[in-house]
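Asker:
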Amino acid sequence: MSSSSTTTTTTRLLMLKASDGVTFEVEEAVATKLGAINNMVEEEGSEDLICLPNVNGKFLGMVLEWCKKHANNNTNSDKGNDEVNKWWDKEFVMDLDQNTLYHLLMAADYLSGTELVDLLTEKVASMIRGKKVEEIRETFKIKSDFLPGQEEEIRKKNSWAFE
Amino acid sequence: MLERALRVRRKKGKSERRRSLERCTSSRYIPDDLLHEIMIRLPNLASAVRCSSVCKRWRSITSRSDFTATFMDHIHRSEPKRSLRLLFGGIADKEFSIRVVDNGMMMQSLSPPPPPVAAASAVDSFPCLFKNNLSMTGDSSSSSTTLLGMCEDLLLIKKSKTYYVCNPLTGQLSMLPDPPTLGGGLAGCGVAVEAATNNNKQLVGSGSSSNTRFRVMLMFFPLYRSRNQMASGRTLFCSETWQWTKVITNPAIYSSIYYEDLVASNGLFYWLHVGAKLLISYDPFKDFGDVKAWKSFRLPHIFLPDDFDLLQYYTSHLRLGLFQGRPRLSQLFWDDPQYLSLKVWDLMDNNNIDANAEPSPLTLVHQTLIDAAAATAAAAAAASVSLMSVSVPAFHPIHHNQIFMRFDSYLYQYDLDTKKQVMVAEIENNSGRWDDLRVFPFVYPASPTII
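Just so you know, the protein sequences line up as chains F and U, in that order. Residue numbers for the first sequence follow the numbering used here, so the first one is 170 and each next one is one higher. Residue numbers for the second sequence follow the numbering used here, so the first one is 637 and each next one is one higher.
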């Protein structure tokens, strides 16, 4: 027990407070995977409590879970770890419902988690992939706001893409 | 202090964006910059263009003047180490199983070759296109898909008996009608894209898009072998009429007796006519019967025997390809038991040239000896080195000094100046013969060709 506590003293812990008051205690190396937090740590070195009024605790937790996995796996830069990360990323986004995906993406973007944004935008793109326009609208609950005839015109001009 | 101020301003920007989000009816309103990031991650341009008709806001993303450029950039970024992709095809319905090593462009000395790391072939290279589209068309059986030709980013593909023209970047796939039978087997084929004009550079989702015209040419062996056969045995597919038309041949050009490399560049087809010892250029966009569509260039003094039976042997060591869009020709032959001699010629100027001009308009640009023993040792090949085990399947499309060389089942990128090589692929096929292998270096264009 005592040995584990001595190892943790070498890494600094940060407190992240979400919009709903939920707080997370994370290692600095994990939290700084997020560009925004990295900036804050560099600027305000002494403060250990960081308030994130734009992120809900549920999604902040998920973002941090992702950071933790990637921070751990990056410490030893094996080629095999790349594969592990990829596999883990795939699992991470596999069963996300649209609502969660949306909030996660907004949180990752707000926190400047570039790699996570990359993963999540890739996931959204995969939901558009291979779908017809009507299916895309249905998937994302979008209503066409084109004037009558406008959509037909777009299709006509770019008929090659609609074959 | 300044940094802190910047950060505060950035935060403010974010919260302003946030407030604007709340004005929207949909709770899942993704900011424009993120939506843009999503769209450039679509597998091909057609998918992105379809998104432009979802709603006005989506349209505004794909209509940005830089959308196509950023889309192409992103495709590039996923393959950061490769300036080009090598696509593998064949002349027959043979399946090659190919393992491509990571082409880090690190030229190394001969041994030892790095182990192959990833499997790829023409079909694997662009899975988004082939898995979704080609496998859906026709039967689901494992009939092989062969890459037969390439021009810019258009590929000519044959699956079973059907020909397709496709662009893996835009996601377009066109099934061609069945061609007429004009002889025996296929003696050469290729696809040509109309030479680039400003019309071709178009914005996605806006403006009128004029599709690029293309031609497919198939050359057939004559049914009866005869040296002076006049029947042309060539047919041309025209993208405007969507029909095949028999090519009216310049009488001086007989039908092909050997499989001819057919390449296309700047709207012209080029192929070698070994029998007549000519390099032929044909403009398939000119009117049929226009004699100006044809040009022929005398081949340089390459060692081609007059003995008809020997020709075939030498023909297999000739290669016609492209370097910076110009025709490039190579010939391999034994100089002495240990060294292979390789000569490379470029067609410097294809205007105003008389076919009988002396010297040949093809200029010798490289002449080099290759230590065959060392090369094949590196390829871990059998002790007996024969000319049949070496070939030049392709030239590097951009680097003047680099070509691709095959030693048995290994493909190397070879530098003619430093004589260093790096293995790029390992090829397997059931027959253990690789003569039919064709390699197509695919260079990512600045903007994709829309057909």
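C-beta atoms are modelled at their ideal positions from N, C-alpha and C, and glycine is treated no differently.
Cutting at 7 Å between CB atoms, please list the residues of its own chain near residue 907 (chain U), excluding the five before and the five after it.
Answerer: Working through the second sequence from its first residue, we reach residue 907 (chain U) at position 271. The residues are 824, 896, 897, 898, 916 and 956.
Asker: Say whether the stretch 1027-1042 of chain U touches the stretch 958-975 of chain U, bearing in mind that this needs 3 or more beta-carbon pairs closer than 8 Å, one atom from each stretch.
Answerer: Enough Cβ pairs lie closer than 8 Å, so yes.
Asker: Pull up the distance between the alpha-carbon of residue 1017 (chain U) and that of residue 784 (chain U), whole angstroms please.
Answerer: Counting from 1 along the second sequence, the entry for residue 1017 (chain U) is found at position 381. Counting from 1 along the second sequence, the entry for residue 784 (chain U) is found at position 148. Only weak support exists for where residue 1017 (chain U) lies, its pLDDT of 45 falling under 50; the value from the coordinates is given anyway. In a straight line, the C-alpha of residue 1017 (chain U) is about 28 Å away from that of residue 784 (chain U).
Asker: Comparing C-alpha positions only, which one of U:1080, U:810, U:1085 and U:1005 sits nearest to residue 1052 (chain U)?
Answerer: Counted from its first residue, the second sequence places residue 1052 (chain U) at position 416. The shortest Cα separation from residue 1052 (chain U) among U:1080, U:810, U:1085 and U:1005 belongs to U:1005.
Asker: Quick check on the DSSP output: what are the complete beta strand (DSSP E) runs of length 3 or more inside the stretch 788-831 of chain U, in order along the chain?
Answerer: Listed in chain order, they are 790-795, 798-803, 808-811 and 822-829.
Asker: What residues of chain F sit near residue 686 (chain U), judged by a beta carbon separation below 7 Å?
Answerer: The residue given as residue 686 (chain U) occupies position 50 in the second sequence. In chain order: 302, 330 and 331.
Asker: If residue 919 (chain U) and residue 929 (chain U) are in contact, beta carbons under 8 Å, what's the gap, nearest whole angstrom?
Answerer: As a working note, residue 919 (chain U) is residue 283 in the second sequence. As a working note, residue 929 (chain U) is residue 293 in the second sequence. With 8 Å as the limit, residue 919 (chain U) and residue 929 (chain U) qualify as a contact, their Cβ atoms being about 4 Å apart.
Asker: Is there contact between the stretch 311-322 of chain F and the stretch 666-681 of chain U, where contact requires at least three CB pairs shorter than 8 Å?
Answerer: Because the criterion of three Cβ pairs below 8 Å is not met, the stretch 311-322 of chain F and the stretch 666-681 of chain U do not touch.
Asker: Check this for me: beta carbons of residue 1081 (chain U) and residue 1000 (chain U), under 9 Å apart or not?
Answerer: Residue mapping note: residue 1081 (chain U) aligns to position 445 of the second sequence, counting from 1. Residue mapping note: residue 1000 (chain U) aligns to position 364 of the second sequence, counting from 1. For residue 1081 (chain U) and residue 1000 (chain U), no; Cβs fall outside 9 Å.
Asker: Using Cβ-Cβ distances below 7 Å, what residues of the stretch 791-807 of chain U are close to chain F?
Answerer: Under the 7 Å Cβ criterion, the stretch 791-807 of chain U contributes no residue.
Asker: Please give me, in chain order, every unbroken run of the alpha helix (DSSP H) with length at least 4 that falls completely inside the stretch 897-966 of chain U.
Answerer: Those alpha helix (DSSP H) runs which fall completely within the stretch 897-966 of chain U and span 4+ residues are 944-951.
Asker: Under 9 Å Cβ-Cβ, which residues of chain U neighbour residue 207 (chain F)?
Answerer: Translated into positions along the first sequence, residue 207 (chain F) becomes position 38. Those do not exist, as residue 207 (chain F) stays about 12 Å from chain U at its closest Cβ, beyond 9 Å.
Asker: Please list, in chain order, all residues of the same chain as residue 191 (chain F) whose beta carbon is under 6 Å from its beta carbon, the five residues on each side excluded.
Answerer: One-based indexing of the first sequence puts residue 191 (chain F) at position 22. Around residue 191 (chain F): 226.
Asker: Mind checking residue 931 (chain U): buried by the 16 CB within 10 Å criterion, or exposed?
Answerer: Numbered from its first residue, the second sequence carries residue 931 (chain U) at position 295. Residue 931 (chain U) comes out buried.
Asker: By the 10 Å Cβ neighbour count, where 16 or more other Cβ atoms means buried, how is residue 967 (chain U) classified, buried or exposed?
Answerer: The residue labelled residue 967 (chain U) in the question sits at position 331 within the second sequence. With 16 or more Cβ atoms within 10 Å of its Cβ, residue 967 (chain U) is classed as buried.
Asker: Given that residue 180 (chain F) touches chain U, what residues does it touch there, using C-beta distances under 8 Å?
Answerer: The residue you call residue 180 (chain F) lines up with position 11 of the first sequence. In chain order: nothing, as chain U lies at least about 25 Å away.
Asker: With 16 other CB atoms within 10 Å as the buried threshold, where does residue 268 (chain F) fall?
Answerer: Residue numbering aside, residue 268 (chain F) sits at position 99 when the first sequence is read from its first letter. Exposed: under 16 other Cβ atoms inside 10 Å.
Asker: Check residue 308 (chain F) in the structure and name its three-state DSSP category.
Answerer: Residue 308 (chain F) sits at position 139 when you count from the first residue of the first sequence. In the structure shown, residue 308 (chain F) sits in a helix (DSSP, three-state: H, G or I).
Asker: Let me confirm a value: residue 698 (chain U) is counted as buried when at least 16 other C-beta atoms fall within 10 Å, else exposed. Which label applies?
Answerer: By one-based count along the second sequence, residue 698 (chain U) stands at place 62. Its Cβ being crowded by 16 or more others within 10 Å, residue 698 (chain U) is buried.
Asker: Can you tell me whether residue 786 (chain U) is buried or exposed, with buried defined as 16 or more other CB within 10 angstroms of its CB?
Answerer: The sequence position of residue 786 (chain U) within the second sequence is 150, counting from 1. Counting Cβ neighbours within 10 Å, residue 786 (chain U) comes out buried, since at least 16 surround it.
Asker: Would you check if there are 3 or more beta carbon pairs closer than 8 Å linking the stretch 231-238 of chain F to the stretch 273-289 of chain F?
Answerer: Short answer: they touch.
Asker: Tell me whether residue 1025 (chain U) is buried or exposed, calling it buried when 16 or more other Cβ atoms sit within 10 Å of its Cβ.
Answerer: Within the second sequence, residue 1025 (chain U) is the residue found at index 389, counting from 1. Residue 1025 (chain U) should be labelled buried.
Asker: Among all the DSSP beta bridges, which residues are the ones paired with residue 271 (chain F)?
Answerer: As a first step, residue 271 (chain F) is located in the first sequence; it is residue number 102 there, counting from the start. Beta-bridge pairing links residue 271 (chain F) to no other residue.
Asker: In chain U, which residues lie with their C-beta within 9 Å of the C-beta of residue 313 (chain F)?
Answerer: Locating residue 313 (chain F) in the first sequence gives position 144, where the first residue counts as 1. In chain order: 689, 690, 691 and 692.
Asker: Measuring CB to CB, does residue 1073 (chain U) end up less than 9 Å from residue 1087 (chain U)?
Answerer: The residue given as residue 1073 (chain U) occupies position 437 in the second sequence. The residue given as residue 1087 (chain U) occupies position 451 in the second sequence. Cβ atoms of residue 1073 (chain U) and residue 1087 (chain U): not closer than 9 Å.
Asker: From residue 1055 (chain U) to residue 675 (chain U), what does the alpha carbon distance come to, in whole angstroms?
Answerer: Residue mapping note: residue 1055 (chain U) aligns to position 419 of the second sequence, counting from 1. Residue mapping note: residue 675 (chain U) aligns to position 39 of the second sequence, counting from 1. About 44 Å.
Asker: For residue 800 (chain U) and residue 794 (chain U), what's the separation of their Cα atoms in angstroms?
Answerer: Residue numbering aside, residue 800 (chain U) sits at position 164 when the second sequence is read from its first letter. Residue numbering aside, residue 794 (chain U) sits at position 158 when the second sequence is read from its first letter. In a straight line, the C-alpha of residue 800 (chain U) is about 6 Å away from that of residue 794 (chain U).
Asker: Note down the Cα distance separating residue 1049 (chain U) from residue 965 (chain U), rounded to an integer number of angstroms.
Answerer: The sequence position of residue 1049 (chain U) within the second sequence is 413, counting from 1. The sequence position of residue 965 (chain U) within the second sequence is 329, counting from 1. Cα to Cα, residue 1049 (chain U) sits roughly 17 Å from residue 965 (chain U).
Asker: If you compare alpha carbons, which of U:975, U:797, U:871 and U:829 is closest to residue 816 (chain U)?
Answerer: Position 180 of the second sequence, counted from the start, is the residue given in the question as residue 816 (chain U). Out of U:975, U:797, U:871 and U:829, U:871 has the C-alpha closest to the C-alpha of residue 816 (chain U).
Asker: So what's residue 1057 (chain U) in DSSP terms, helix, strand or just coil?
Answerer: Taking the second sequence and counting its residues from 1, one reaches residue 1057 (chain U) at position 421. DSSP places residue 1057 (chain U) in strand when its eight states are reduced to three.
Asker: Using a Cβ-Cβ cut-off of 7 Å (strictly less than) and excluding sequence neighbours within five positions of residue 194 (chain F), which residues of its own chain qualify?
Answerer: As a position in the first sequence, residue 194 (chain F) is number 25, starting the count at 1. Excluding positions up to five away in sequence, the list reads 182 and 184.
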